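This note's numbering puts the sequence shown at residues 1 to 142.
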Amino acid sequence: MSDEKAKKMAIEGIKPPKKDDPAYDYVGVLLEAVQSDFKIFGEGLEFVKQKVETTFEELGRFKEETAENFARVWEKFDRVDERFNRIELRLDRIEAEVRSIKNELQELKHTLTNKADVEKFQELEKRVMKIEEILKLKMTNS
Numbered sequence: 001m002s003d004e005k006a007k008k009m010a011i012e013g014i015k016p017p018k019k020d021d022p023a024y025d026y027v028g029v030l031l032e033a034v035q036s037d038f039k040i041f042g043e044g045l046e047f048v049k050q051k052v053e054t055t056f057e058e059l060g061r062f063k064e065e066t067a068e069n070f071a072r073v074w075e076k077f078d079r080v081d082e083r084f085n086r087i088e089l090r091l092d093r094i095e096a097e098v099r100s101i102k103n104e105l106q107e108l109k110h111t112l113t114n115k116a117d118v119e120k121f122q123e124l125e126k127r128v129m130k131i132e133e134i135l136k137l138k139m140t141n142s
């Protein structure tokens, strides 16, 4: 029996041939081939199923590892953030101290300028006194 005839029989709903019919052997061979193909397909499907399960297990482990890694990264980030905040506070204090030192320097500069003027005044006063003494001496001697 040809493939066309077997297909036609299947389409028309015709019953398979009986044992003494020569088409019986042909149908048997076809069924064995189909059965073999299904077995190979099933084995391939089992391989795919195992591969998918393995992939999902690996994906699950990867997901857990990634979550753990992110947790460690966030912990480290929090510690760095805390350190940054402490450094920022220290920098604010240093800036305030520098401003204070600048103000003190301005005051000292002003004070020193005034002191220099006082010293000059005292020097001039001494010179004037010497001149007066010299003049007094000259006036008394004359």
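Backbone N, C-alpha and C fix where the C-beta goes; we use that ideal spot for every residue, glycine too. Here the structure is a predicted model, which means the values were calculated and not measured.
Express the C-alpha separation of VAL29 and LYS18 in angstroms, rounding to a whole number. In the sequence shown, residue 18 corresponds to position 18, counting from 1. In the sequence shown, residue 29 corresponds to position 29, counting from 1. One alpha carbon belongs to LYS18, the other to VAL29, and they sit about 14 Å apart.
Backbone CA spacing between GLU57 and PHE70 [nearest angstrom]: Here residue 57 refers to the residue found at position 57 when the sequence shown is read from its first residue. Here residue 70 refers to the residue found at position 70 when the sequence shown is read from its first residue. Approximately 20 Å between the Cα atoms of the pair.
Contiguous alpha helix (DSSP H) assignments of at least 4 residues, all confined to the stretch 42 to 83: If we require 4 residues or more, the stretch 42 to 83 turns out to have no alpha helix (DSSP H) run fully inside it.
By DSSP, does ASP25 sit in helix, in strand, or in coil? Along the sequence shown, one-based indexing puts residue 25 at 25. ASP25: helix per DSSP, three-state reduction.
Measure the alpha-carbon distance for LYS51 versus ARG90 and round it to whole angstroms. What you label residue 51 is simply residue 51 of the sequence shown in a count that begins at 1. What you label residue 90 is simply residue 90 of the sequence shown in a count that begins at 1. Each residue's alpha carbon lies about 57 Å from the other.
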